[in-house]
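Peer 1:
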Amino acid sequence: MTSNAEAAEILRTVADLLDVLGEKFKPEAYRRAARSIESLTEGLGAVAARDELRTIPGVGEAIAEKLQEYLKTGTIPYYERLKHEVPPGLIELMRLPGLGPKTARRFWVELGIQGPNELRDAIAAGRLNGLKGFGDKKIEQIRTALGVAAAGSPSARRPIEEAYPIARSLVAGLRKGADLDHVEVAGSFRRCRETVGDLDILVTSQDPTRVFDVFTALPLVAEVKMRGGTKETVLLQGGLQVDLRVVKPEEFGSALVYFTGSKDHNIRLRSLAQDQGLKVNEYGVFRGEKRVAGATEGDVYSSLGLTWIPPELREDRGEIDEAAHGKLPSLVQERDLVGDLHVHIPPDARPDRIDPLVADARKRHLQYLGVVVAGQGADGSVWVLPEPTRARIGAVRDSAMRLLRAVEVGPGPTPQPLASVEFDYRIVRPTSLVPDLSEGAKATGCGALVAHVGSSAAHEASALAPWMEVARTLRAGVEVGPGPERLDSISGHQARESGLRLHIPTGVGAPADDPTRDIALGFARRAAASGRDVVNAQPLGRLSIGGGEPVRSPRSRPSGPRKERPGKRPPA
DNA sequence: GCCGTTTTCGGCCCGACTGTTTTCAGTCG
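Numbering (my numbering), first residue to last: 80 to 651.
Written as structure tokens, this is what we have:
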């Protein structure tokens, strides 16, 4: 079984091996290709089948050939050969913090060291003492790194929903303690990647020292790793690393561009600037000595002849060309969301639970709300909201708000105990490994609107394909957002490319600081979704549930059936 | 190894910080 993630990992290891061997530019070329492959929205096999491997950024003749080998055999002969040339322990060494390929290579060549254990022994035996470039501090730093590595590496990337409350708390703490003009969390957090490796916080202030002091004193901060004139790096309780940078107001835009990234986006911006005789760095855009932009992101992009690029798109997937030609998609925004078709309340909720929900929805300017009134748990057990609660949902008559009733079931026929429950549409929750479409939607005559797709293996196109097929057949929207039962942005991209629409949870009924809505919006935007691509950005009259008639709001006139895009009809 | 409205060879993003240095190499993001 081959996968994009595995292919990328092999290429990355090839890069490391070449690094240790002292190669100059090849390693970066392999890493570039690895990053591209990781951010593909489909399987390598599919790209190869179309003979389009070389259209992947950073993949040329040589790497394309190696990828073919990988797809055929599961490995790459060149990689196997390199592994025999370099002791495997060296890769571990160069991945230790503070060590790199140069140092690992020196240990190997000058001291015959082949891995962490031998390095530990060498330090204990004093063999590093007197080695050029290794003072006491350096040796101590290496000793620490070795100790941390032995204790396991806690610093893996973590899901963005874990980072959200942390980021909010840090920003609030900074604002409270220091006199700041701007604060922004940049990095992959701002691009709304599914996972973040660290947090990059950017502030403007006249008094960096004061900012660092305040920051260091925050309760979440466990340890200061590094502190310079403009930059401080800390470790939080729990091991998350945070970089805090203080810049001048006139530099804020360029710094924000620079630290929001991604790396490949930045590299492309810089080379674009070079072509125009300009230089871009975190301090601004310069023509010679003269600063031509820097205060805002808009200035920076426009000085390069580009329209402003939303952070979620800054991955070097063609967005810079699109910005140059004014062809960036118009991404879905918070204000586009006019409804929510997937709202849960507890299975034993009483009728008085409904009105506050409606009030909250109205506050968020929603026009309709789909409440799940009955469903199947993950274990197959069936639940139904108490009758008075269902009655209350049916009874709410509000000129500005329409309530809909959903049942949440598997892709097969509706289970018997739910057959008598009145509902408006189904939410399909995949309950078995392979969906059975033989009966599916037609069994009830009422199709589904929202597919509830588990994404544990979502990065693998092949694992997701059957569920996409279910959604296509049911003409269902698929839900994006954080958590294991929703699609991440890459899968959302796949969904969109197969003509499916997305559903974005709005967090209605959830606490105000619940990040689900923001993250889901971010994922949809990363998938380049516009309002048209989002089910719950459609007004009620345009909503067709289960491929049937549009839903009519109580006071609105009936509208015609929604026009289908060609080629998107479900199989007969 | 990749890549090109200055191309098929000759470049390859750029600056902060650290630790070792009397001017810089390595690492990191």
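Note that beta-carbon positions come from the ideal geometry of N, C-alpha and C, so glycine has one too. In this text the structure is predicted, and so the values were computed from the model without any measurement.
Check residue 140 in the structure and name its three-state DSSP category.
Peer 2: Note: residue 140 maps to helix in three-state DSSP.
Peer 1: Take the Cβ of residue 350 as the centre, count every other Cβ of all protein chains shown within 10 Å, and call the residue buried at 16 or more, exposed below.
Peer 2: It is exposed - the Cβ of residue 350 has fewer than 16 other Cβ atoms within 10 Å.
Peer 1: In the DSSP assignment, find the beta strand (DSSP E) that holds residue 96 and state where it starts and stops.
Peer 2: Premise fails: residue 96 lies in the alpha helix (DSSP H), 83-99, not in any beta strand (DSSP E).
Peer 1: Within the same chain, show all residues whose beta-carbon is closer than 8 angstroms to that of residue 393, passing over the 5 residues directly before and after it, in chain order.
Peer 2: So the list reads 270, 339, 340, 341 and 344, once near-sequence residues are dropped.
Peer 1: Check for me: the alpha helix (DSSP H) holding residue 305 runs from which residue to which?
Peer 2: No alpha helix (DSSP H) holds residue 305; the beta strand (DSSP E) holding it covers 300-306.
Peer 1: Under three-state DSSP, which class holds residue 273?
Peer 2: Of the three classes helix, strand and coil, the one that applies to residue 273 here is coil, per DSSP.
Peer 1: Do residue 504 and residue 485 come within 8 angstroms of each other at the CB atom, strictly closer than that value?
Peer 2: Cβ atoms of residue 485 and residue 504: closer than 8 angstroms.
Peer 1: Compute the Euclidean distance between the alpha carbons of residue 547 and residue 587, then round it to the nearest angstrom.
Peer 2: Cα-Cα distance, rounded: 26 angstroms.
Peer 1: What are the start and end residues of the beta strand (DSSP E) that includes residue 314?
Peer 2: First-last of the beta strand (DSSP E) with residue 314: 310-315.
Peer 1: Measure the beta-carbon distance from residue 99 to residue 183 and round it to whole angstroms, keeping in mind my assumption that it falls under 8 angstroms.
Peer 2: 6 angstroms between Cβ atoms; contact.
Peer 1: Sorted by chain position, which residues of the same chain lie with C-beta nearer than 6 angstroms to residue 280's C-beta, five sequence neighbours on each side aside?
Peer 2: So the list reads 264 and 323, once near-sequence residues are dropped.
Peer 1: What does a CB cutoff of less than 7 angstroms around residue 601 pick up in its chain, not counting 5 residues either side in sequence?
Peer 2: Excluding positions up to five away in sequence, the list reads 271 and 391.
Peer 1: Short of 6 angstroms in beta carbon distance, which residues of its chain neighbour residue 467, apart from the five on each side in sequence? Order them along the chain.
Peer 2: Hits under 6 angstroms: 430.
Peer 1: What residue range is occupied by the uninterrupted alpha helix (DSSP H) comprising residue 360?
Peer 2: Run containing residue 360: none in the alpha helix (DSSP H); it sits in the beta strand (DSSP E), 358-360.
Peer 1: Tell me whether residue 608 sits in a helix, a strand or coil according to DSSP, three-state version.
Peer 2: It is coil, neither helix nor strand.
Peer 1: Which residues share a DSSP beta bridge with residue 547?
Peer 2: Residue 547 pairs with nothing; no bridge assigned.
Peer 1: Between which two residues does the alpha helix (DSSP H) carrying residue 462 extend?
Peer 2: Not the alpha helix (DSSP H): residue 462 falls in the beta strand (DSSP E), residues 461-463.
Peer 1: Work out the CA separation of residue 473 and residue 501 for me, nearest whole Å.
Peer 2: Distance between the alpha carbons of residue 501 and residue 473 is about 10 angstroms.
Peer 1: Where does residue 281 fall in DSSP's three states?
Peer 2: Here residue 281 sits in strand by DSSP.
Peer 1: Let me know if residue 585 comes out buried or exposed under the rule of 16 or more other beta-carbons within 10 Å of its beta-carbon.
Peer 2: Under this definition residue 585 is a buried residue.
Peer 1: Is it buried or exposed for residue 111, if we count other Cβ within 10 angstroms and need 16 for buried?
Peer 2: By the 10 Å Cβ count, residue 111 comes out buried.
Peer 1: Can you tell me whether residue 524 is helix, strand or coil according to DSSP?
Peer 2: Here the model assigns residue 524 a pLDDT of 30, short of 50, so the residue's position is not dependable and the matter cannot be decided.
Peer 1: Taking the continuous beta strand (DSSP E) assigned at residue 452, which residues delimit it?
Peer 2: Residue 452 -> beta strand (DSSP E) spans 447-455.
Peer 1: Measuring CB to CB, does residue 299 end up less than 8 angstroms from residue 314?
Peer 2: Contact flag unset, no.
Peer 1: Leaving out the 5 sequence neighbours to the left and right, which residues in its chain are closer than 7 angstroms to residue 86 when beta-carbon positions are compared?
Peer 2: The answer, listed in chain order, is 116, 123, 146 and 149.
Peer 1: Give a yes or no on whether the C-beta atoms belonging to residue 475 and residue 433 are separated by under 8 angstroms.
Peer 2: Yes; because the gap between Cβ atoms is below 8 angstroms, this pair is in contact.
Peer 1: With DSSP collapsed to three states, give me the class of residue 355.
Peer 2: The answer is coil: DSSP assigns residue 355 none of H, G, I, E or B.
Peer 1: In the DSSP assignment, find the alpha helix (DSSP H) that holds residue 466 and state where it starts and stops.
Peer 2: Taken as a continuous stretch (DSSP letters only), the alpha helix (DSSP H) holding residue 466 covers 466-474.
Peer 1: Can you name, in chain order, every residue of its own chain whose Cβ lies under 7 angstroms from the Cβ of residue 347, other than the five neighbours on each side?
Peer 2: Answer for residue 347: 395 and 399, listed in chain order.
Peer 1: Starting from residue 105 and walking both ways along the alpha helix (DSSP H), at which residues does that stretch end?
Peer 2: Looking at the DSSP string, the run of the alpha helix (DSSP H) that includes residue 105 is 105-117.
Peer 1: Measuring only the C-alpha atoms, how far is residue 436 from residue 248?
Peer 2: Using only the alpha carbons, I get a separation of about 27 angstroms.
Peer 1: Closest to residue 28 by C-alpha separation, out of 192, 242, 197 and 590, would be which residue?
Peer 2: No statement about residue 28 is possible, as the shown extent of the chain runs from 80 to 651 and does not include it.
Peer 1: With a threshold of 7 angstroms on Cβ separation, who are the neighbours of residue 365 within its own chain once the five nearest residues in sequence on each side are excluded?
Peer 2: Excluding residues within five positions, the ones whose Cβ falls inside 7 angstroms are 357, 358 and 371.
Peer 1: Is the segment 411-428 close to the segment 608-620, with three or more CB pairs under 8 angstroms?
Peer 2: Touching, yes.
Peer 1: My understanding is that residue 598 touches residue 240, with C-beta atoms under 8 angstroms, so please give their C-beta distance in whole angstroms.
Peer 2: So it is a contact: roughly 6 angstroms between Cβ atoms.
Peer 1: When burial is assigned at 16 or more other CB atoms within 10 Å of the CB, is residue 334 buried or exposed?
Peer 2: Residue 334 is buried by the Cβ-count criterion.
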